[in-house]
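Asker: Residue 284 in our numbering is what sits at position 284 of the sequence shown, and the numbering runs on without skipping anything.
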Amino acid sequence: MELRELIRKSALLNAVKHEGRAQAGPVVGKILGEKPEHRSNIKELSAVINEIVNEINKLSVDEQKRIVEKNWPEALVKEKVEEKRLPPLPNAEKYQRVVTRYAPNPDCVLHLGSARAIVLCYEYAKTYHGSFILRFEDTDPKLKRPAPEFYDLIREDLAWLECKPDQEYIQSDRIPIYYEHAERLLKDGNAYVCTCKPEVFRQRILARQPCDCRDLPVEENLHRWKLMLNGGYKEGEAVVRVKTDLDHPNPAVRDWPALRILDTQKFPHPRVGSKYRVWPLYNLASGVDDHLMDVTHIIRGKEHLTNEVRQTYMYKHFGWKYPEAIHYGRLKITGATLSKSKIVQGMREGIYKSWDDPRLATFAALRRRGIMPDAIKKMIIDVGPKTSDVILSWENLYAYNRKILDPKVNRYFFVQNPIELTVKNVPKTFVVKLDLHPDQPERGFREYVVKPQGKDQSVILWASSKDVDSSKVGNMLRLMELFNVKIAKANIYCAEGTFVSEAYEDARNVKAQLIHWVPVGNDVAGRVVMPDASVTEGVAEGACKQLKPDEIVQFERFGFVRIDHINKELTAYFAQK
Numbered sequence: 001m002e003l004r005e006l007i008r009k010s011a012l013l014n015a016v017k018h019e020g021r022a023q024a025g026p027v028v029g030k031i032l033g034e035k036p037e038h039r040s041n042i043k044e045l046s047a048v049i050n051e052i053v054n055e056i057n058k059l060s061v062d063e064q065k066r067i068v069e070k071n072w073p074e075a076l077v078k079e080k081v082e083e084k085r086l087p088p089l090p091n092a093e094k095y096q097r098v099v100t101r102y103a104p105n106p107d108c109v110l111h112l113g114s115a116r117a118i119v120l121c122y123e124y125a126k127t128y129h130g131s132f133i134l135r136f137e138d139t140d141p142k143l144k145r146p147a148p149e150f151y152d153l154i155r156e157d158l159a160w161l162e163c164k165p166d167q168e169y170i171q172s173d174r175i176p177i178y179y180e181h182a183e184r185l186l187k188d189g190n191a192y193v194c195t196c197k198p199e200v201f202r203q204r205i206l207a208r209q210p211c212d213c214r215d216l217p218v219e220e221n222l223h224r225w226k227l228m229l230n231g232g233y234k235e236g237e238a239v240v241r242v243k244t245d246l247d248h249p250n251p252a253v254r255d256w257p258a259l260r261i262l263d264t265q266k267f268p269h270p271r272v273g274s275k276y277r278v279w280p281l282y283n284l285a286s287g288v289d290d291h292l293m294d295v296t297h298i299i300r301g302k303e304h305l306t307n308e309v310r311q312t313y314m315y316k317h318f319g320w321k322y323p324e325a326i327h328y329g330r331l332k333i334t335g336a337t338l339s340k341s342k343i344v345q346g347m348r349e350g351i352y353k354s355w356d357d358p359r360l361a362t363f364a365a366l367r368r369r370g371i372m373p374d375a376i377k378k379m380i381i382d383v384g385p386k387t388s389d390v391i392l393s394w395e396n397l398y399a400y401n402r403k404i405l406d407p408k409v410n411r412y413f414f415v416q417n418p419i420e421l422t423v424k425n426v427p428k429t430f431v432v433k434l435d436l437h438p439d440q441p442e443r444g445f446r447e448y449v450v451k452p453q454g455k456d457q458s459v460i461l462w463a464s465s466k467d468v469d470s471s472k473v474g475n476m477l478r479l480m481e482l483f484n485v486k487i488a489k490a491n492i493y494c495a496e497g498t499f500v501s502e503a504y505e506d507a508r509n510v511k512a513q514l515i516h517w518v519p520v521g522n523d524v525a526g527r528v529v530m531p532d533a534s535v536t537e538g539v540a541e542g543a544c545k546q547l548k549p550d551e552i553v554q555f556e557r558f559g560f561v562r563i564d565h566i567n568k569e570l571t572a573y574f575a576q577k
């Protein structure tokens, strides 16, 4: 008996440590460490451990914690864990003020894939008491067409993520600045206007040979530049190229394009219309802005490594020093769609109802579901700016979110797919006080009066059809914090049982399943929108009528949810288990 109790303690502690799921392996190791004499009968020991672990895993997390707190409260005192920090920025001491920037294209809302750049740039600026810039890179009204709504939606997303910028710039407001720098490159002989056919230029550049436009006099290039600005060339007929090294091993670096003509009558910009016909490409606009905005550290994905090489040539032409550059590896979230084009296409085709559709990994969707911004930030900080590729799953994010929500949110009962459970021979009126939080009784409680009625002294409760079905007939069940009941009959519509006893120990002795319940008549109809956009119907306890929109709660044995609205019925969005 002493050994079983030791195993039970170890399994409960392991379950509490692992979000309610005890693992047999560590329990075996713990027992053998304390009782090495049992190594000789490891097979029998493992069988007992597996049995007890399975028993423990049937309990809710809150019930596991209650048992541990009652019997071994000292085990719940957690050691202080030092929060993980980002590695130091390279050469930060060389700069009077650290300046970082996040530079989205406003052609979609932000999503989980955007988080790494945002959080790293913001947190580094904050750590070094520097400045964090938001720069809208909206200079492609044709292929990466910005939309007016996304400027504000991105601002809202950053505010929710608690990464508000210190300064904001919009590149479409800065076109004259890019023109000024393009002219400077042309006047200094460090750029040229190329009118070669794309296929001809490609052949020359692959052969490491200059095109016919490269060595034209400065005056001719400036004349061509004016023609670009004034309509002398049509879209696709001329581009400004920055001179680099034609022998560079990467053909993409050789004389890269800096500005091009767009037909803004056909593709007007949503903010400036057809005011400009010559538009800067990424490397010119971004490179010029980083210098003029005193950006000290560029933090971005390693897919931009080639862009750094391209921009370095332009910086040398201007006599500028290139900022410190940190290029992190790719971050993939298994099961999450992180392609902006696929998200936009899904919206256009009606696959998704809105930008906060729960099937999406947009910040709007995560916010609606009840994922906390700090969970995203902590996950990104733990991953850091490492150059290796990282694959995460939704479970990684949920683990961070659970640690934030678990000590903060109140508990309630929600019965999914409910049936009426009639319990007969109830000997007295029960006044049930359910703690709002199992570890914080000072928060208060929900109180329900369960009073037997009629000749058979029966009470009627809502219970889940998955908890009370025909397979449970003849078994004892424990109604959480109420009493024990033996199921007499059950079908898909209703069930009947008889009162057995009040003591929890009676249920534990026969390993009775713990189930939650809701009093019929003191309830509210509820629906929970799941991550796959399906809807789980049920009833919530009457106390849920007092909940407010945006409040996050835990429905016991169901999961964390965010309350969306309450009218005649409660609608919530599922966050996670």
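For glycine and all other residues, C-beta sits at the position ideal for the given N, C-alpha and C.
On a predicted model such as this, the values are computed, not experimentally measured, just so you know.
If I follow the unbroken alpha helix (DSSP H) through residue 143, where does it start and stop?
Answerer: Premise fails: residue 143 is in no alpha helix (DSSP H) and is neither H nor E.
Asker: So who's on the other strand from residue 102, going by DSSP bridges?
Answerer: 134
Asker: Would you list the one or two residues that DSSP bridges to residue 567?
Answerer: Answer is none; residue 567 lacks a bridge partner.
Asker: Using DSSP bridges, identify the partner residues of residue 528.
Answerer: Looking at the DSSP assignment, residue 528 forms a beta bridge with 536 and 572.
Asker: Extract the residue ranges of the beta strand (DSSP E) inside the segment 450-535, only unbroken runs of 3 or more that lie entirely within it.
Answerer: 459-464, 476-479, 484-490, 494-501, 513-515 and 523-529
Asker: Classify residue 552 as buried or exposed, calling it buried when 16 or more other Cβ atoms lie within 10 Å of its own Cβ.
Answerer: buried
Asker: Going by DSSP in three states, residue 121 sits in which element: helix, strand or coil?
Answerer: The DSSP-derived three-state label of residue 121 is helix.
Asker: Which residues in the same chain as residue 470 place their Cβ atom closer than 6 Å to its Cβ, once the five residues preceding and following it in sequence are excluded?
Answerer: 490
Asker: Residue 500 to residue 571, Cα distance in whole Å?
Answerer: 36 Å
Asker: On a CA-only basis, which of 340, 388, 251 and 447 is nearest residue 306? Give me that one, please.
Answerer: 251
Asker: At 3 residues or longer, what runs of the beta strand (DSSP E) sit wholly inside the segment 303-361?
Answerer: 324-328 and 331-334
Asker: Excluding the 5 residues flanking residue 274 on each side, which residues of the same chain have their C-beta closer than 8 Å to its C-beta?
Answerer: 264, 265 and 268
Asker: Considering only their Cβ atoms, is the gap separating residue 556 from residue 411 smaller than 8 Å?
Answerer: yes
Asker: Might you give, ordered along the chain, the residues of its own chain that have their beta carbon closer than 7 Å to the beta carbon of residue 218, omitting 5 neighbours on each side?
Answerer: 186, 187 and 189
Asker: Is it buried or exposed, residue 449, if we count other Cβ atoms within 10 angstroms and call 16 or more buried?
Answerer: exposed
Asker: Since residue 282 and residue 175 are thought to touch, with beta carbons under 8 Å apart, how far apart are those beta carbons, to the nearest angstrom?
Answerer: Contact doesn't hold; Cβ gap of about 14 Å is too wide.
Asker: Evaluate residue 258 with the Cβ neighbour count: other Cβ atoms within 10 Å of its Cβ, from every protein chain shown; 16 or more gives buried, anything less gives exposed.
Answerer: buried
Asker: Three-state secondary structure (DSSP) at residue 81?
Answerer: Confidence is the limiting factor: at residue 81 the pLDDT is only 42, short of 50, which leaves the residue's position unreliable and the question unanswerable from this model.
Asker: Under a Cβ-count criterion, where at least 16 other Cβ atoms within 10 Å of its own Cβ denotes burial, should residue 184 be classed as buried or exposed?
Answerer: exposed
Asker: Quick check on this structure: which residue in 286, 373, 62 and 329 has the alpha carbon closest to the alpha carbon of residue 315?
Answerer: 286
Asker: Only counting the same chain, and skipping five residues up and downstream in sequence, which positions put a Cβ closer than 7 Å to that of residue 384?
Answerer: 86 and 87
Asker: Secondary structure at residue 38, three-state DSSP: helix, strand or coil?
Answerer: helix
Asker: In this structure, what does DSSP give as the bridge partners for residue 433?
Answerer: Looking at the DSSP assignment, residue 433 forms a beta bridge with 447.
Asker: Answer with buried or exposed for residue 129, where buried requires no fewer than 16 other C-beta atoms within 10 angstroms of its C-beta.
Answerer: exposed
Asker: Between residue 262 and the rest of its own chain, which residues show a CB-CB distance below 7 Å, the 5 nearest in sequence each way excluded?
Answerer: 141, 142, 235, 277 and 279
Asker: How is residue 87 classed by DSSP in three states: helix, strand or coil?
Answerer: The three-state secondary structure of residue 87, taken from DSSP, is coil.
Asker: In its own chain, which residues sit with a C-beta less than 6 Å from the C-beta of residue 518, not counting the 5 before and 5 after it?
Answerer: 413, 415, 462, 539 and 541
Asker: Which residue marks the beginning of the beta strand (DSSP E) containing residue 424, and which one marks its end?
Answerer: 418-424
Asker: Taking buried to mean at least 16 other C-beta atoms within 10 Å of its own C-beta, is residue 376 buried or exposed?
Answerer: buried
Asker: How is the beta strand (DSSP E) around residue 398 delimited, first residue to last?
Answerer: Run containing residue 398: none in the beta strand (DSSP E); it sits in the alpha helix (DSSP H), 394-405.
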